[in-house]
Amino acid sequence: MPVDVEARVIRNTRLSPDYNVIALAAPEIAAVTAPGQFVMVKLGRGSVPLLRRPFSVFEVLRTGDRVDGISLLSKRVGVTTDMLFEAVEGDVVSCLGPLGRPFEPVDPPAEAWMVAGGVGLAPFATLTEALRARATAATLFYGARSGGELFYLDWFESRGVRLVLSTEDGSIGDHGRVTMPLERHLRAATGSDTTVYACGPEPMLEAVARVAAKYGRPSQVSVERVMGCGLGGCYSCVIPVRNGREGHHYVRSCIGGPVFAGDEIVWD
Amino acid sequence: MSEPDLSVRLGSLRLANPLIAASGCFGYGVEYADVVDLSLLGGVAVKGLFLKERQGHPPERIVETPAGMLNAIGLQGIGVHRFIKEKLPELRDRRATVIVNICGSTLDEYVELARILSDAEGVAALELNISCPNIKEGGITFGCSLNGTFEVVSAVKKVTRLPVIPKLTPNVTDVASFARASEEAGADAVSLVNTFLAMAIDIETRRPVLSNIVGGLSGPAIRPIAVRMVYECRRAVKIPVIGMGGIASARDAIEFLIAGATAVQVGTANFVDPFIWTKLLDGIREYLERHGIAHVSALTGTIDTTSREKQWISS
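Chains A and B supply the protein sequences, listed in that same order. First residue of the first sequence: 10, per the numbering used here; consecutive thereafter. First residue of the second sequence: 46, per the numbering used here; consecutive thereafter.
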């Protein structure tokens, strides 16, 4: 059951001119968040911006055994993300959550291959923790425009995640899209049982779902659609899901997702 | 003073309080059962239902605009039969007062829907959607013609004992005349306003933001226009008026009541804060106590226009 928390900003870390990680005192949400779930965020009490915006829960913050809150990984693209970038310690951010259908972490001997594009890194910290708890081997294929936009590499490495990096400008790792190294590794990985998890821009999700299917691997993709309420009330965040051989129907990504099997989505 | 009485009457229908979840903004109600005690609401107007399932428009379906939002969902829905089978039992269990919003492409479809729902257990009233701005074939053709409004209301009234509430569009020159046509046809109440036809363009691509090109504007941006329209309708008819349009606080709800609404609907604000209902109820109760008003219905239409009445306001 989701709760609405007036969460105090614990700290706001700017990672680049566009990206920040904001830590929020929302222990009620942190304690029950499953990997890949999201919160609906509102800053300020006014009518601009009016609607909440969806954000994946990035980290669940802990001190020892105590759950302190959550963090959000944000990239500046509009009014709410600008406000999140500018927020300072002590500000209040309204968080409604946790919401949505989470990732399903696989158990050993299966492996988890996570594929992140840009700010699509966000749901993979919680998934990494869930995989660690199961001792499932994890790889992160992480792509960005340039090396300066690859974040939290130490965080993932220190948790035993194998990193495969790519950048569109070639400054770090493979030169090009993240699906290139993904396909190379899928081709080479004969015999291993792998589930592919992806979050990022929709064209990337489509490419990942296709390449996973090509090598016979199941995929779980986390989509981001324009969302009004996060609870299934408004029917705005729909995505076409396969229905029979030819048809599709629109499923609300807030309650039917945001995680879908890659092969159930009808890509535009 | 004892607790103020919040109950209101819409014809033969008694609501525990004047707050109704607006159709199209609350799914089928069951989506919200985890966060809201549905029995605390005066009523739940469920998402508009056709006889058959409907897919709705492709995304994008909404876009935020200053103090509001445009939507063109296209009435995606499961159809009346699945609603009765899959949703209504839970709404009954949760003791919701269910107002079913119905839409048809033809007069016969409205009549058929009214017949089917009159036989279903747990339906408190019918709201006739003759005002959705987003679909061509739907009831808007009825809602934009005085004859059409009269015909659809009287045809539905003939086949049901349920209270019938046409939901009016603001996209006409004189909403009050449509309230009057509804009353003459036997409507038990009218609800207004549906959304204002509007559009938004992405200037970089020069493409409309919504796949449907146009959509309906809702939210605080429309509230003053909606208040004016409720005021006009209240002066035009004796049947109860249900007011809506950008209500986001108890203050806003009270403004509609004073303008002439017997009950109010809340839509967009529920997206922002699904826990808004108890805050609205507390705020209304506090206001009534502060003003020594024993019954919320005593507030309806109490606007004081002494020596301010302007000649141009239609009678």
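We put the beta carbon where it would ideally sit given N, CA and C, even for glycine. On a predicted model such as this, the values are computed, not experimentally measured, just so you know.
- Within a 10 Å sphere around the beta-carbon of residue 71/A sit fewer than 16 other beta-carbons, which makes this residue exposed.
- According to the DSSP assignment, residue 328/B belongs to the alpha helix (DSSP H) that extends over 321-335.
- Closest option to residue 117/A, judged by alpha-carbon separation, among 86/A, 142/A, 102/A: 142/A.
- For residue 213/A, not one C-beta of chain B is nearer than 7 Å to its own C-beta.
- Here residue 85/A carries a coil assignment [DSSP, helix/strand/coil].
- Counting of Cβ neighbours within 10 angstroms places residue 22/A among the exposed residues, the total staying below 16.
- For residue 92/A, the nearest beta carbon of chain B is not closer than 7 Å to its own beta carbon.
- One thing to note: residue 211/B has its Cβ no nearer than 7 Å to the Cβ of residue 233/B.
- About 44 Å separates the beta carbon of residue 98/A from that of residue 193/A, a gap too long to meet the 8 Å contact definition.
- In the DSSP assignment, residue 297/B falls within the alpha helix (DSSP H) that extends over 295-304.
- With its beta carbon less than 7 Å from one in chain A, residue 121/B belongs to the interface.
- Between the alpha carbons of residue 256/B and residue 288/B lies a gap of roughly 29 Å.
- For residue 263/A, the nearest beta carbon of chain B is not closer than 7 Å to its own beta carbon.
- 194/B is the residue among 57/B, 194/B, 178/B whose C-alpha sits nearest the C-alpha of residue 226/B.
- Using beta-carbon distances, residue 135/B does not count as an interface residue toward chain A, since no partner is under 7 Å.
- DSSP, reduced to helix, strand and coil, places residue 276/A outside both helices and strands of the structure shown, so it counts as coil.
- In terms of Cβ geometry, residue 240/A and residue 76/B form a close pair [threshold 7 Å].
- Less than 7 Å separates the beta-carbon of residue 78/A from that of residue 34/A.
- 217/B is the residue among 251/B, 217/B, 59/B whose C-alpha sits nearest the C-alpha of residue 187/B.
- Residue burial annotation: residue 320/B is exposed, with fewer than 16 other C-beta atoms found within 10 angstroms of its C-beta.
- Residue pairing from DSSP places residue 13/A in a beta bridge opposite 105/A.
- Contact between the segment 74-94 of chain B and the segment 127-147 of chain B is present: three or more C-beta pairs spanning the two stretches fall below 8 Å.
- Assigned with DSSP and collapsed to three states, residue 167/A falls in coil, not helix or strand.
- One Cα belongs to residue 42/A, the other to residue 165/B, and the distance between them is close to 39 Å.
- Residue 327/B does not reach chain A, its nearest Cβ partner there being about 16 Å away, counting only Cβ pairs nearer than 7 Å.
- When the five nearest sequence neighbours on each side are left out, the beta carbons in the same chain lying within less than 6 Å of the beta carbon of residue 68/A are those of 80, 134, in order along the chain.
- Our two residues, residue 111/A and residue 14/A, have alpha carbons roughly 20 Å apart in a direct line.
- For residue 228/A, same chain residues with a beta-carbon under 8 Å away, outside a window of 5 residues either side, are 204, 205, 206, 207, 217, 218, 221, 222, 270, 271, 272 in chain order.
- Not one beta carbon of chain A lies nearer than 7 Å to the beta carbon of residue 65/B.
- The beta carbon of residue 93/A is closer than 6 Å to those of 31, 83 in its chain, skipping five residues each way along the sequence.
- The contact set of residue 247/A on chain B, defined by CB atoms closer than 8 Å, consists of 101, 104, 106, 121 in chain order.
- Residues are counted here when their Cβ sits less than 7 Å from a Cβ of chain A; for the segment 63-94 of chain B these are 70, 71, 72, 76, 77, 79, 80, given in chain order.
- Under DSSP, residue 72/A takes part in a beta bridge, and its partners are 75/A.
- Comparing alpha carbon positions, the residue from 29/A, 90/A, 38/A, 76/A closest to residue 51/A is 90/A.
- DSSP, reduced to helix, strand and coil, places residue 102/B outside both helices and strands of the structure shown, so it counts as coil.
- Using a Cβ distance threshold of 7 Å, residue 230/B and residue 278/B do not count as a contacting pair.
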